[in-house]
Amino acid sequence: MKSKKHYKLYKSGKQWKTLAITAAVAIAGVVSFDNATANADVASSAIATTEVSQTTNDSSAVQSDATSATVVVASINSTEVSSTASAASSETVVAPVSAESVSVSAVASSATSSASSVTQSTAAVATEASSAISATSAVSSSVATTTSEATVSATSSMNDSNLSDATSTQDSAASSAAEIRAVAAAVSSTKNGWVNENGTYTYYTNGKVASGESYSYLPTINGTGHNWYLVKDGVVQSGVQQWYGSYYYFNPTNYLKLDHQDYVQSQWGSWYMVGSDGIVKSGVQKWYGKYYYFDPTTYLKLDHQDYVRSQWGDWYMVGSDGIVQSGVQKWYGKYYYFDPTTYLKLDHQDYVRSQWGDWYMVGSDGVVQSGLVSWKGSTYYFDSSTYLKVTNKTFTVGNTTYKADGNGFVTVVNDFNAKVNKALGEIGVPYVWGGNSPSVGFDCSGLVQWAYGLSSSYRTTYQQQTLGTHVYSNVSSAPKGALLFFGSDSTPYHVAISLGDGSYVHAPTVGENVKIGYQNYFTPSYYIVLS
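If you use UniProt numbering, the sequence shown corresponds to residues 1 to 531, in order.
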């Protein structure tokens, strides 16, 4: 009996060693393969070994060995499951912490996947353990009830332990995922570089923005390099902005300072001229072949006619369209001429062609002239309405009659001023009836005949009143050189020469000399103007 008992013990020990070796192989397999497959292989190997080794006589021992093997496998798998879940959780945490651009969604997904694998592995362990117990029970149907109950109790305890470990592992994975999400959220919430906030770009450095205004060299908003930006309290600026005493324009699309000349619309709707240096310009500026004037205070293009001073000190005529004018321009009731090359007002006398082709005489003050004008040794007459040169025409200016030929050269036809002056030169000569010369003396008609150089046909007062049309109105305003008659049309009895101011020169009567008289004291009846 003792030897038989020893043999059984030896046999049981041998079977235990076999199970231990099998379990060690299973543990090594877990390292190389995934948890679910390793668990299944270990459980299956344990069951197979138990079935081969067991006999009817040793069913009790086999039952005990199988139960032990099942417990070992469950314990090993439970440890491996926990280690695997912990390793997965640890690996998942390391990745997002080391990367700046961590994705919260990716981390959460990884954690969820790890937890799912843990659950599947634990379920597989429990299933294989149950299968082993069922197989053992099938082989040894005669095992005592007490042994079966113990086995079932052990198995139940093992399953509870495995499920508990799986649940704990899953909770640990979920907790790790939550921690990972918290870390990722903390990392992603730290703003750096340009951030688009409701269509406005703000520059952050470690979650903070610089206060104040600065023109800074920063990474470009589109991420292609670096460039200069005007930033105010971290927010990039665009449109017209004041910086160190000048106004600059920043492109509202790329936020860069304008680097070419352009006529641009500001953020408030007004238009400005910007130079290639990005500065808003004022004064006279050239744009598409024309010169414009921009107000030095408002920087807006001039919208009314004005004679303005440029940034370099010269004066220019600007139209209501803001364009610097040339040629003939009207300004405060006069016409001026501006050189079409320099745009400056003409500062010397010249005969110039206008922008519409007509020729005008311009004085040294830049004003377009009219009337009698001397030019290069000749006299010309320019119409007071059209300002054009008069040709082939006889005309009167004051008391003098002139004639302009085909080229516009003017000669005197009747110079009343000279005639009046001639008569005035005889003041003091005594009155002599019938006299008509300084040496003899003058009567009234003799003084007129001598001063005007009239022929003998116009020697008497009556004859002289036929030289022109009788004018009865405003006699007191008779022009200089007009002949004033006293008496009726048919029988005038006296004649005098008008001085144009209500006075006249005449030879009054016997006993008096040639002198100046006044209409207030001796009023004429009518006058004529000699042609």
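Using N, Cα and C, we set each Cβ at its ideal position, and we do this for glycine too.
Item, Value
"With a threshold of 16 other CB atoms inside 10 Å of the CB of Y493, please say whether the residue is buried or exposed.", "exposed"
"Starting from N227 and walking both ways along the beta strand (DSSP E), at which residues does that stretch end?", "H226 to K232"
"Report the CB separation of Y360 from Y337 in whole angstroms; it is logged as a contact under 8 Å.", "7 Å"
"What distance in whole Å lies between the Cβ atoms of T401 and S531, which are believed to be in contact at a cut-off of 8 Å?", "7 Å"
"Could you pull out every residue in the same chain whose Cβ sits closer than 8 Å to the Cβ of Q261, ignoring the five residues on either side in sequence?", "M273, V274, G275, S276 and W287"
"Relative to the C-alpha of G398, which candidate in Y526, G278, S488 and G500 has its C-alpha closest?", "G500"
"Report buried or exposed for Y217, applying the criterion of at least 16 other Cβ atoms within 10 angstroms of its Cβ.", "exposed"
"Just checking, does the region 450 to 470 make contact with the region 415 to 425 on the three C-beta pairs under 8 Å criterion?", "yes"
"Nearest to F409 by alpha carbon, out of G434, Q265, L372 and G441?", "L372"
"According to DSSP, is Q242 part of a helix, a strand, or is it coil?", "strand"
"In the DSSP assignment, find the unbroken alpha helix (DSSP H) run with T461 in it and report its ends.", "T461 to Q464"
"From the DSSP output, in three-state form, read off residue 532 for me.", "The question about residue 532 has no answer here: the residues shown for the chain are numbered 1 through 531."
"Could you check what DSSP says for Q285 in three-state terms: helix, strand or coil?", "strand"
"Across the region 288 to 301 and the region 318 to 331, are there enough close Cβ pairs to call them in contact, namely three or more that are closer than 8 Å?", "yes"
"According to DSSP, simplified to helix, strand and coil, what is N251?", "coil"
"Along the alpha helix (DSSP H) that carries S457, what are the first and last residues, could you check?", "Careful: S457 lies outside any alpha helix (DSSP H) and carries neither H nor E."
"In the DSSP assignment, find the unbroken alpha helix (DSSP H) run with L346 in it and report its ends.", "No alpha helix (DSSP H) holds L346; DSSP gives it neither H nor E."
"If you run the structure through DSSP and keep just helix, strand and coil, what is residue 567?", "In the structure displayed, the chain extends from 1 to 531; residue 567 sits before or after that span and is not available."
"Could you check which residue in T341, G377 and K389 has the C-alpha nearest to that of V362?", "K389"
"Just the Cα atoms here: how many angstroms apart are G428 and Y472?", "30 Å"
"Less than 8 Å between CB atoms is the rule here; does A507 satisfy it with respect to chain C?", "Among the chains of the structure shown, chain C does not appear; only one protein chain is present."
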